[in-house]
Structures are given as structure tokens and as C-alpha cells.
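A.B. asks:
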Amino acid sequence: MRGKHKWSPVWMLVLTMAVILTACGGNNGDSSTGSSDVKLTMWHWKVAFDPGFKAVADAFKAKTGITVVTQAFTPDDAYRQKLTGAASAGDMPDLYAYWAGPLEGAFDGKALEMGPELEKDAEWKNGFLPSALQGVTVSQANLDTWAADEKSSDWKKERKVGQIYGVPLDVGAFYTIYGNAKLLKEAGLEAKAPATIEDWIDTMNKVKEKSDVPGLVFSAKTFTLYENWFMNFVDYMKNGEESFTNFMNHDEKLSDPNHIHAIKIIEDLAKSGNILPGSVSLDIDPADQAFAQGKATYDIGGTFTYASLVAMGMNPDDIISFRVPAYADSKVPDAKVTPFPLVQMVVTQGGKHQKEALEFVKYLTSEEGQILYANGAFDLPAVKINDTSKLNGSLQAMAGSLSSESNWWSENSAISGKIGQPEWQTFHADMQKVILGNMTAAEAAEDFDKAAAAEKAKAQK
Amino acid sequence: MKNSFSAMARREAAAGYLLVAPAILLFLLIGLFTVLFSIGLSFYHLGQGSLITSAKFAGLDNFQNFLFGRDLNLSRAFKQALVNNLWVLLSTLVVIPIALAIAVMLQRISKGIRLYRTVFLLPMVTSSVAIYYVWQGIYEPEGTLNKLLAAIGLDSLIAVNGWLGELHTALPALIVTVIWGSVPGMMILYFAGLQTVDPHLYEAAEMDGAGAWQKIYRITWPILRPITVICLIMGMNGALQIFDPVWIMTKGGPANATEVVNVLVYQQAFVNGDMGVANAMGWSIFVLTFVLSLISLRILRDKSE
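Chains as they are written, first to last, in numbering that gives the first Met the number 0: chain S, 0 to 460; chain A, 0 to 304.
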């Protein structure tokens, strides 16, 4: 019986050759038609992005033979919970998309640290828009915030400046005002970007007077939309870096003359009938829809809003867009809006196919991969595209309007990002009351200052 | 003989236990574990994006944060949400008489009862999510309600920002939707209860000289009392645990005017990522519901028991 299992030298040789050939054949990125039995699983939550991911996955398979299966889970909250559960259970996909930001989706060490990989491959690293990569890199301000937060994990607190756990997939920018050129022309006005906020309000008043159309619509229901898509940048332009930082850190008050504009503009617009009635109950899409239907002259949005407006049936010729205007007395009136990463790609640390997953992420964020992705997903790429003619028309226009260079604003997202903290929920609720005429701007400012002081005291405990 | 009977009973009991064992095991694994896990989590700090292994023991901090003002902003939000829950709770006192009245009416009519029953049960059998969107449409600035008011010349009553968009109308408008959705369930309980009353009892009472009030108090009420207790507990539970109509129709706005505790719990857990506080809030509202249910049971307990 034993003799049956005896290995002959010929069989041993065949087996050895097979092993060697298999090892040589795998992961040959240069082969034009690779073959592999590796199947990567990729999770994300953006159904609209799936065609883009699939286009890249198909091209990647043709190059390497590696299959990438994309799975989308919605809505956002369910996706976040699914990933958190998977991370706790150690059942993560090979790679996944997550909201961009330092340590976002890293789940206390479940994500591969990409910093060393980027250092090893200078071409890959230098391909990213500086502001995009900046937005996912751990900064000192991040570390300070986590150190002060009793709920932050020890793992988070132990991170170092410069670490990266996910690379940017796309970019976008807020601080964009869309205007209805048709309404402006009907009111006898020129459809152009106003020079200052004062000019902008003046235009709204003129349209309101002539056609009774309110000046502005935005989703006043959505927390941080006004605060983080408009107000913080306006305050930064008006008061400069130092004062803005002090304001965000609550060393300067909302009721201070320099900062009261943040709520006063809402009061003024509401009192003059320039905020579309019902705005406090509108979500983002219905607010954009109201603008597209000509119910208001202007809409607060981001670079990504343009596609929605066109999809909602608005004639592109009727749309004008410009960066949020600055007050006439602003210290940094020409501040550049830099695109920041919206979504990042994360590779699971110690995953079964970590190497292949990283290879796919590299391809997805290469110029070739990003062109395929951007055109399929109608999303702005996070890397420099040398030949922009390969992008579709609207993407070319949007990409051209953004500054790709890093600046103070893009390097200090941890400061402007404080707008998501609990005291700003008080601001948001009070802003709604001001819109509805149930509170004055002065009362709202006083209430916010109290809430901010309470949060500051809590952080100092 | 006695021994063999008891042996058989023991065998039957063992077989019974064996049969229910999978269900009990499943409950222990899924039901009890999650409940205990949730209780445990309410005593821990767990930040956004952190794993359970990173949770830090917080003692009673999470409870103190919103119950005793340790976190002023959270505490303020919780109090406002709780007050709103109590307003919704008061709606139960409106739902019960309406449900009872409709049940009595349905019992008395003889023609078209099936049609009426179907109509009154519609809110219960229709998808609640769809219903809330319909109500949202009714309450919009250019919705049916405002248009109706304009059509009948009551322009002064029009809510310019929509009925869900004004501070003083949002919660009442939401409560109307809740009442509309709660009536059928309670109505059918009362209707079933009324069906069990033997009509001969009323005839006998009449022959004994009982008036209308005495018939209700002596015959109908003893049957309806336990149903009322159930309705009250159901209403209380529904009011204190309310989430979906608020989330769908207002998300707690405007300016937190319709925020209820469960919406706050959701926001803490899934928007702010603070599972500790979210669980602590969830258990606090559970304790309140439990205590109020016990009080209701005690007040309405049948004195003959």
C-alpha cells in the first residue's frame, strides 16, 4: 500500500516546474492579456459611480487577469454600519471606498497604511493633485483634535503626521453659487458673477423687485450645508487666516462685529423675502430642483451640483456659476477654492489579496484609470490629467475652473472642518429660526456663543 | 401507576424543552446578547469609526451627559426631544376616544359595514413610508392643505413655509399624521371587544331598569377596560419610541421643533458616531416607557382581580 504514494522523480520535477511557472506568471502587470484566478471584492456606496468602477475593473482585468467585483450598498448610513460591522468581525472586502479624510475608514488599523507605498512609487504619488492628497493626510491639527477628544481611540491618538490610510479617488469643491441666467436677463440684468456679496444681494433685490422671484434657495434643512458650503469660506475671506482660526476655535465670538455677518446675511435675506419659502424643509435635491424650476435666482452648491441641475432638465445655457463672493472689505477676497477629496480608496490591511488590491488602487488612481473612471462616473478625477481632451466636455470645464495647487485653506481642513461639531448644530437650528422669523440674528449669535463656550469648557475638562 | 405517570410526564416535559431549545438558544444568541451588549455599550465611550475593541469604560458619563447637563448642548437637545415625545404621547388621549367612537359606530351600522371597515383600516394596511410621503406632500408650501385653505378664503391660515416648515405648526401637523395612522389599530381592538358583548345582556339590563350610562359602565366598560389598557400601552410605546414618521417627514426639524428621542438616538449613533451616548439614550427612554406602562396598568387594573 505504501508503495502507491511514493513520488517518482519525474512527478517531482513536473510539480516543481509547475510551481516555478505559476510563480513567474502571476502579477505581471506588463502583460497585455494576463490571466489570474484572483478575484477582488470591492465595496462602495455610490451607485452612480459603479459604471466608472466597472470600466476600470474591465481594463484592469484585460491587463492583469485579476477580476474586481464591485458591490454597492446604500444608503450611506447602512454602508457605514456594514463596514463597521465587517471590520469588527474581521470580514472586510479586499478594498473599499470611504468618505475621504485622514484615518476615515481605517477602523483602528484595519486599513493598509499607504504612505510607505506612495513613497516607494514617486510617479504614483506625484500624480495626485496636491490638495487632494493633502486632504487624506494626517496633520498636526488632526492629532490635536483627536488628543482632545475623550472618545478617540488610542490607535488614532498614536498616529503620526503625514500618515495616509486611503488615497483620493475624486475631488470636488463647495463654495459654488449657481445663478439662473434667464431670470437675470428677464430682470434686465447682466448674467455674470457679482464682484462682492454686496453686489450679489443687490442683484437679488433687483430680481425680486422686478419679477417677485426670491433670490436664494438652499437646503436649509441639511446640517452644515450653509455652514460648510458657504459661510466658513466667506468668513475666512473676510477676516483672514488668524481671525478665522480663532473663530473656529471659539476664541472669537459669532456676536463679534467681524463674524456676525455669518448669521446677519441670513436675517437680511429672509427679511427681504429673498429666501425661498419652505427652504428649511428642503433636502439638497429638492432645493436644487426648485432652483432648476426657476423658483429662485441663485442656489448654493458644489462642483457636483452642475450635473444634477442638467439632469433635472435645466438648460446649461441658463446656468451661470461662480465662487461664493467675498464682502467688499474682505482681507482675502481672491482666495482660491481648491478641490478636496470626496471619496478615498482603502485597502484592507492583511487582506488575502492585499498586494493585488493595492495594484488595482494604483491603476484606478493612475491617469489612465482615472480617465476611465471619471468619464464613467461623471466625477472629477483626483489626479493630474495631462490630456484633458480625454475627459468628457463638462468634466473638462469643471476641472479647468479649479486650482490644483495646495494653499492655506486646503492645508487646514481640520480647522474649517470644525463646522461639524455639536455647537454648530445649535447654530443650524437657530439659523432656521432666523429664516422663519422666530429669532433675530443677534439672539442666534448669543445662543451660539453660549453653546460654543459649553463645548469649549467640555473639551478643556 | 403513579410513578409511571410521572415518568411519562417527565419525558413529555423533556421532549417539550428539547423542542423549544433551538428557539431559546436563538433568542439567547441573538436577542438577549444584543440587549446585553447594548446595555454594556451605554457605559462606554466609542468614537466614530472606532471598533468595539477600542471602547473605553465611561461609567455613568454617557447618562450624565444628557440627563444631568454634563454636556449642555446634548442635554438641551434631549430635553427638547423628550418634551416633543410627551406631546406625541398626549395624542394617545385623542386616539383612544376616536378609535372607540368609530368602533361603536361600525358595530351599530348594518349596511355597507365591509366598505366602512376597509376604509377605516386603510391607514393600517398601507405602507407607512408611502403614507408619510403623501402627508408630507399635503403639508408642503404649495401642498393640498394650503391650496384648500386658499380656495375657501382662509388665506390667513396658510403656512407660508409649509405646515412642516413652521415652528408652531410642524409638531401638531406631525401629530395629526400619527393620530391618523394609530386609530385603525386601536379601532379594530375595540371593535373586536364590542363584538364579544352578548346583546342579551343589554336587553336583560334594560328589563332591570338600567339606563344608558349604567349599561355602558356595568356591561361595556368591564370588557373594554383591558382593551383600553392595551391601547394605552400601545399608544405610549408608540409615542415614546416614535421614529419613522419624524425621520421621513421632518428629520426633527425645523430648528428641532419635531425632534424626538429616537431621532436623536439615530443621529448620535449614525451621524455623530457616538454609540455610547446613543445606547444610553435608548435605554433611558425604555425605562421611562416601562415605568409609565406599569403605572397605567396599576391605575386601570381590574379591581376584581
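Note that beta-carbon positions come from the ideal geometry of N, C-alpha and C, so glycine has one too.
Quantities reported herein were computed from a predicted structural model and do not represent experimental measurements.
1) Could you pull the DSSP bridge partners for Trp98 of chain S from this structure?
2) Near Glu366 of chain S, which residues of its chain fall below 7 angstroms by C-beta distance, leaving aside the five closest residues on each side in sequence?
3) Give me whichever residues DSSP pairs with Ile299 of chain S in a beta bridge.
4) Can you list, in chain order, the residues of the region 152-178 of chain A whose Cβ is nearer than 8 angstroms to any Cβ on chain S?
5) Taking 6 angstroms as the line, does the beta carbon of Leu17 of chain A fall inside it for any heavy atom of the ligand SAH?
6) Could you tell me which of S:Leu94, S:Val336, S:Asp148 sits nearest to Val166 of chain S, measuring between CA atoms?
7) Ignoring anything shorter than 3 residues or poking outside the region 61-97 of chain S, list the beta strand (DSSP E) runs there in chain order.
8) Counting along the chain, where does the alpha helix (DSSP H) carrying Ser181 of chain A start and finish?
9) Looking at the unbroken alpha helix (DSSP H) that takes in Val382 of chain S, where does it start and where does it end?
10) What residue range is occupied by the uninterrupted beta strand (DSSP E) comprising His43 of chain S?
11) What are the residues of the region 244-266 of chain A that lie near chain S, defined by any Cβ-Cβ distance shorter than 8 angstroms?
12) Give every residue of the same chain whose Cβ lies closer than 8 angstroms to the Cβ of Gln266 of chain A, excluding the five residues on either side of it in the sequence, and list them in chain order.
13) Could you give the first and the last residue of the continuous alpha helix (DSSP H) run that contains Val82 of chain A?
14) CB-CB under 8 angstroms to Gln353 of chain S, same chain, minus the five flanking residues each way: which ones, in chain order?
15) For my contact list, Lys335 of chain S and Asn406 of chain S are in at a C-beta cut-off of 8 angstroms; report their separation, rounded to the angstrom.
16) For Thr202 of chain S, which beta-bridge partners are listed by DSSP?
17) Beta-carbon within less than 7 angstroms of Leu390 of chain S's beta-carbon, same chain only, minus the 5 sequence neighbours each way: which residues are those?
18) Beta carbons nearer than 7 angstroms to chain A: which residues of the region 270-300 of chain S have them?
19) Relative to the C-alpha of Gly272 of chain S, which residue among S:Pro101, S:Pro213, S:Gly104 is closest?
20) With 8 angstroms as the C-beta to C-beta threshold (strictly closer), list the residues of the region 68-102 of chain S near chain A in chain order.
21) By the criterion of Cβ-Cβ separation under 7 angstroms, what are the contact partners of Thr425 of chain S in chain A?
22) Just tell me which of S:Gly171, S:Ala140, S:Val170, S:Leu168 has its CA closest to the CA of Lys156 of chain S.
23) Which chain A residues sit within Cβ distance under 9 angstroms of Ser210 of chain S?
24) According to the neighbour-count rule (16 or more other Cβ atoms, all chains shown, within 10 Å of its Cβ), is Ile151 of chain A buried or exposed?
25) Given Leu268 of chain S, which residues of its chain have a CB within under 8 angstroms of its CB, disregarding the five upstream and five downstream residues?
26) Using a Cβ-Cβ cut-off of 8 angstroms (strictly less than) and excluding sequence neighbours within five positions of Leu66 of chain A, which residues of its own chain qualify?
27) Any beta carbon of chain A sitting closer than 7 angstroms to that of Lys389 of chain S?
28) Excluding five sequence neighbours on each side, which residues of the same chain lie with their C-beta closer than 8 angstroms to the C-beta of Arg69 of chain A?
29) Taking a contact to mean a Cβ-Cβ separation below 7 angstroms, would you say Gln133 of chain S touches Glu410 of chain S in this structure?
30) Going along the chain, which residues of its own chain have a beta-carbon closer than 7 angstroms to the beta-carbon of Met322 of chain S, five neighbours each way excluded?
31) Determine the burial state of Gly24 of chain S: buried for a count of at least 16 other Cβ atoms within 10 Å of its Cβ, exposed for fewer.
32) Are there 16 or more other CB atoms within 10 angstroms of the CB of Val276 of chain A, so buried, or fewer, so exposed?
33) Would you call the CB atoms of Gly178 of chain S and Ile264 of chain S closer than 7 angstroms?
34) Name the one or two DSSP bridge partners that Leu215 of chain S has.
35) Asn248 of chain S CB to nearest chain A CB: under 7 angstroms?
36) If we define contact as Cβ-Cβ less than 7 angstroms, is Ser303 of chain A a contact residue for chain S?
C.D. replies: On the basis of the data shown:
1) S:Val342
2) Gly126, Val382, Ile384, Asn385
3) S:Ile176
4) Val159, Asn160, Gly161, Leu163, Gly164, Glu165, Leu166
5) Absence of the ligand SAH is noted for the structure shown, with no ligands found whatsoever.
6) S:Leu94
7) 66-71
8) 166-194
9) First-last for Val382 of chain S: undefined, no H or E at that position.
10) 38-43
11) Thr249, Lys250, Gly252, Pro253, Ala254, Asn255
12) Gly251
13) 71-89
14) Asp93, Leu111, Val346, Thr347
15) 6 angstroms
16) Answer by DSSP bridge pairing: none, since Thr202 of chain S is not bridged.
17) Ile370, Ala373, Asn374, Ile384, Ala398
18) Pro276, Gly277, Val279, Ser280
19) S:Pro213
20) Asp76, Arg79, Gln80, Thr83, Ala86, Ser87, Leu102
21) Asn72
22) S:Ala140
23) Per Cβ cutoff of 9 angstroms: no residues; Ser210 of chain S is ~18 angstroms from chain A at best.
24) exposed
25) Ile200, Met203, Gly214, Leu215, Ile274
26) Ser74, Phe77, Ser283
27) no
28) Asp60, Gln63
29) yes
30) According to the sequence provided, residue 322 of chain S is Arg. The question's Met does not apply to it. Same-chain partners within the cutoff: Tyr174, Thr175, Val336.
31) With a pLDDT of only 41 at Gly24 of chain S, under the threshold of 50, the placement of this residue in the model should not be trusted, and no figure is reported.
32) buried
33) no
34) S:Ile274, S:Tyr297
35) no
36) Note that Ser303 of chain A has pLDDT 49, beneath the 50 cutoff, so the model's placement of it is unreliable and the number below is only indicative. It does not: the Cβ of Ser303 of chain A has no partner Cβ on chain S nearer than 7 angstroms.
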